[in-house]
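S.K.: Letter by letter, the sequence shown follows residues 645 to 724 in my numbering. My questions all concern the structure below.
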Amino acid sequence: MKAILVKYHGPGNVRGSRFKASAEGVASIYRSYNHALNGDENAEYVAKELANLHGWLADGSRLVGGELPNGDRCFVFVNS
């Protein structure tokens, strides 16, 4: 079973706020915070982008996510 971990990274001196999506065995991706979306929507967006990049949603699965105690979000695949 594959899971996607999404972490929020706050703004620094050079870069604005961004989200990092990572999963075992693939390169992580970073996406800037989209201010048209809220934090949960941003996390889901970047998780879906990583999943689509690797074709993990091609079988009709959908992502279901939740928040971990440290504030990170984790998404897993559920067959429809």
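Each residue gets a CB set at the ideal place from its N, CA and C atoms; glycine is no exception. On a predicted model such as this, the values are computed, not experimentally measured, just so you know.
1) Rounding to the nearest angstrom, what Cα-Cα distance links residue 700 and residue 667 in this structure?
2) Quick one, are the C-beta atoms of residue 593 and residue 674 less than 9 Å apart?
3) Residue 669: which of 686, 647 and 721 sits nearest, CA to CA?
4) Ordered along the chain, which non-local residues of its own chain (more than five positions away) have a Cβ less than 6 Å from that of residue 696?
M.R.: By the coordinates alone:
1) 11 Å
2) Residue 593 cannot be examined here, being either before or after the span of the chain that is shown, 645 to 724.
3) 647
4) none
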